[in-house]
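Taken in sequence, the protein lines are chains A and B.
For the record, in the first sequence the residue sitting at position 404 is 404 according to this note's numbering, with numbers rising by one throughout.
For the record, in the second sequence the residue sitting at position 103 is 103 according to this note's numbering, with numbers rising by one throughout.
Data first, discussion second: the structure below is written as structure tokens.
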Amino acid sequence: MYTENMQASVKKVEATRAERLGMEPRRMTAEEKDTLLQKFHPDYRKEGFAEIKIGPNKGEKAPAELSHLLHSNSRLLGVDLDLNKIDYDTDVLIIGGGGAGASAAIEANEAGADVMIVTKLRIGDANTMMAEGGIQAADKENDSPMQHYLDAFGGGHFAARPELLKRLVMEAPDAIKWLNELGVMFDKKEDGEMVTTHGGGTSRKRMHACKDYSGAEIMRTLRDEVINRKIPVVEFTSAVELIKDDKGQAAGAILLNMETGDYMVARAKTVIIATGGAGRLHYQHFPTSNHYGATADGLVLGYRAGAPLLYQDTIQYHPTGVAYPSQIFGALVTEKVRSLGAMLVNVDGVAFMHPLETRDVSAASIIRECSERGKGVTTPLGSGIWLDTPMIEQLHGEGTIEARIPAMLRMYLNYDIDMRKEPILIYPTLHYQNGGLEISGDGFTKAIDNLLVAGEAVGGIHGRNRLMGNSLLDIIVFGRNAGKAAAKKAKETELGSMTLEHVVKYAQELKAAAIESEDVSPMLLPNYARHER
Amino acid sequence: MQKMVNVYFYGKKYSVPADLTIMTAMEYAGYTLKRGCGCRHGFCGACATIYRIKGKNELKTCLACQTQVEEGMYVASIPFFPTDKRTYDINEIKPTEQIMMELYPEIYSCIGCNACTKACTQGLNVMQYIAYAQRGEFEKCAEESFDCVGCGCCSTRCPAGISHPMVGVLARRLTGKYIAKETEHLKKRVEEIKHGDYDQLVEQIMQKPIAEMQELYNTRDIEE
């Protein structure tokens, strides 16, 4: 299946394999990492960013595509909507049907609140479903929440909000226990001990996994539980604007039936934005590992309602996206492949870096290898680096790949590449939005005291880079917290009369800043359809 | 010149580049997908698809995002299939043979035609995991069904009306919760945290100046 030039390079990779099996490449120093990031990480490419012209983060930069959406128009301008005709009335409205939204729904329901989920695709069509590698928690003897904190804080360049990171690490073991008690099948030894491995940037082996279907196993269990609890899930229905009340509180959302185009009014005492990431905005033209709906909708909704963003200028490029074959370009190759011992190797068969540096450093290093150093392997869509997967079978025994990373094996076998015998080609892919809406330690936005955010739509939990396994963790920890907090808050919330005044005001601000856009936002679905005329 | 193939979406002919997947070929043809498209990487099961190659008799099932187009492919996506999930309280049920009989009695009407296995987009032995479920061997059922993405292709082909993916989910939840051994180190750590053992220590690390944190981070020992 590989082209001739690829096959020639594979020979070189095979020639150095025996020698590499006995060594561990050097880790970079802090200075080396800083220089590398500044020169090669996409977050430092000025032309990929644009200034936000209005709103709470006015004057700050954001990826150009996100700034454009923040500068685009509401769908509802000029639409005549009767806010008093209420289609859904609930205590807690959750926007988004991924891991964070589902966790929040279960906890809000457990707390006795009326809760409903709206999602523009189906429940479970989310990045959670695609998380392969695992979920972190410091639950072993040689580990502690402080050690977890240190790894995450350092890995995120000392920028994480301490009160958020504290919640993440302190509630991690309970999150695993909760999932396990819901029936998630974690990889365990006979005696019940969790099988844990390293991820990039971890100092202890605290990565819990469900083979390489970790997110899928978590998501399908959460979905099953949501349905068991008879929590209403309104699918193929997006939220296109938040509704506020005359006291400035969140009061629900305007919903759009994605199939009929009809608008509906959902009134709620508390609203949780759990809309996930932004990979489908294809920042800097990168391919993405994200699901179809990852278009930063919640950021736009929240921002228009007055909630500030945090670290919106930092994006995670997963070092190992598929570079070849083209059909699966940009798909995620789980970090677990490197956790299990596969090295990153260039066109000459040289292991040019330690395979378990943090994701930003690894991505920058691969980009450098393929650009400045010219040591990438040419592919139809660019270039790539080898991930030497046959090493896994040699290190841990034959059958390890099938047992531990079956999804990866299946994905490549579809295209006649047997990763047990041949290395695979990877290149960084747009993976995660480190930034998002700013929340306080208890999960509420700082601007609106009954609006909460959970999951990838939150900014500040991870700082400016996220470690593997801390995202599956954050959707559970912050999702559960948001569900509980929203249920409690709903009991003491009295709604005033509903209004979309903030939407009108935002449009006026755009006009005053002389911003004219032909486009509407939130984007809802990527524009992939090709039209000849 | 790009190699093109002729495919038929819902019976209508389109010429599309040969290296596309069914999903990207539909977009190339001008479709904006609303249903039948989820993760796009083979994990969510949203894009269950049925096709037949012109001139051939066999009806095939696949995920549109993971399958390359072929010349003469007649394609219909299955945007929704009414699988039948039964509801239960996970804390009330137990991994007994009766539970399958109570919740999914139709699995005992399996006629052994193996159409489910043939239809599986993940190449799983679906009929086998249903057989395990019939016998109350939940752990085996869980293992055999583990890679299921819930696309439902198996159920579309089943003459007994079995909702196979739902049976798999139940078996996995029973296995994860009741059959796999409890994790002592996890229980212990949760207790310690609840007891407040780490409260002060974590407050301390939160208060440290950045320079000290940098030093701690750069010199931390890493488990072999």
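Glycine included, each C-beta is placed from N, C-alpha and C at the ideal position.
query	result
Selection of the region 133 to 158 of chain A by Cβ proximity to chain B, strictly under 9 Å	137, 138, 139, 140, 141, 142, 143, 144, 145, 146, 147, 149, 150, 151, 153, 154, 155 and 158
Proximal residues of chain B, C-beta to C-beta of residue 327 of chain A below 7 Å	19, 21 and 68
Runs of beta strand (DSSP E) wholly within the region 414 to 500 of chain A (minimum 3 residues, chain order)	424 to 433, 436 to 438 and 451 to 453
Beta-carbon proximity list for residue 114 of chain A, same chain, < 6 Å, skipping 5 on both sides	90 and 91
Minimum Cβ-Cβ distance from residue 61 of chain A to chain B less than 8 Å	no
When B:193, B:39, B:45 and B:35 are compared against residue 120 of chain B, the one with the closest alpha-carbon	B:45
Residue 271 of chain A, DSSP secondary structure in three states	strand
Residue 241 of chain A in three-state terms, based on DSSP	strand
Among A:381, A:22, A:260 and A:240, the one whose alpha carbon lies nearest that of residue 540 of chain A	Because chain A spans 1 through 533 in this model, residue 540 of chain A falls outside it and cannot be assessed.
Boundaries (first-last residue) of the alpha helix (DSSP H) holding residue 128 of chain B	126 to 134
Where residue 113 of chain B falls, given that 16 or more other Cβ within 10 Å makes a residue buried	exposed
Where residue 108 of chain B falls, given that 16 or more other Cβ within 10 Å makes a residue buried	exposed
Cβ-based contacts, 8 Å cut-off: residues of the region 26 to 57 of chain B near chain A	27, 28, 29, 30, 31, 32, 33, 34, 35, 37, 38, 39, 40, 41, 42, 43, 44 and 46
Close beta carbons around residue 403 of chain A, own chain, < 8 Å, minus the five adjacent residues each side	211
Burial state of residue 166 of chain B (16 or more Cβ within 10 Å)	buried
Continuous alpha helix (DSSP H) stretch holding residue 184 of chain A: start and end	Looking at the DSSP string, residue 184 of chain A is not in any alpha helix (DSSP H), and its letter there is neither H nor E.
Within 7 Å of chain A by C-beta, residues of the region 198 to 211 of chain B in sequence order	198, 201, 202, 205, 206 and 210
CB contact below 8 Å: residue 336 of chain A versus chain B	no
For residue 36 of chain A and residue 364 of chain A, believed in contact at Cβ under 8 Å, the rounded distance	5 Å
Contact list for the region 234 to 259 of chain A against chain B, Cβ threshold 9 Å	236, 258 and 259
Short Cβ contact (8 Å threshold) for residue 316 of chain A with residue 434 of chain A	yes
Buried/exposed call for residue 183 of chain A, threshold 16 Cβ in 10 Å	buried
Backbone secondary structure at residue 21 of chain A - three-state DSSP	helix
Stretch-stretch touch, CB-based, cutoff 8 Å, three pairs: the region 281 to 300 of chain A with the region 518 to 527 of chain A	yes
Selection from B:49, B:23, B:189 and B:141 that minimises the alpha carbon distance to residue 157 of chain B	B:49
DSSP three-state assignment for residue 174 of chain A, whether helix, strand or coil	helix
For residue 10 of chain A and residue 377 of chain A, the rounded distance between their alpha carbons	10 Å
Residue from A:40, A:401 and A:502 whose Cα sits closest to the Cα of residue 302 of chain A	A:502
Neighbour flag for residue 411 of chain A against chain B, beta carbons, 8 Å	yes
For residue 83 of chain B, the three-state DSSP class (helix, strand or coil)	coil
Where residue 185 of chain B meets chain A, residues with beta-carbon distance less than 8 Å	139, 140, 141, 193 and 194
Span separating the alpha-carbon of residue 313 of chain A from that of residue 43 of chain A	7 Å
Heavy atom of the ligand HEM within 7 Å of residue 184 of chain A beta-carbon	The ligand HEM is not part of this structure, which contains no ligands at all.
For residue 68 of chain B, three-class secondary structure by DSSP	strand
Residue 132 of chain A, DSSP secondary structure in three states	coil
Stretch pair the region 412 to 431 of chain A + the region 206 to 224 of chain A: three plus CB contacts closer than 8 Å	no
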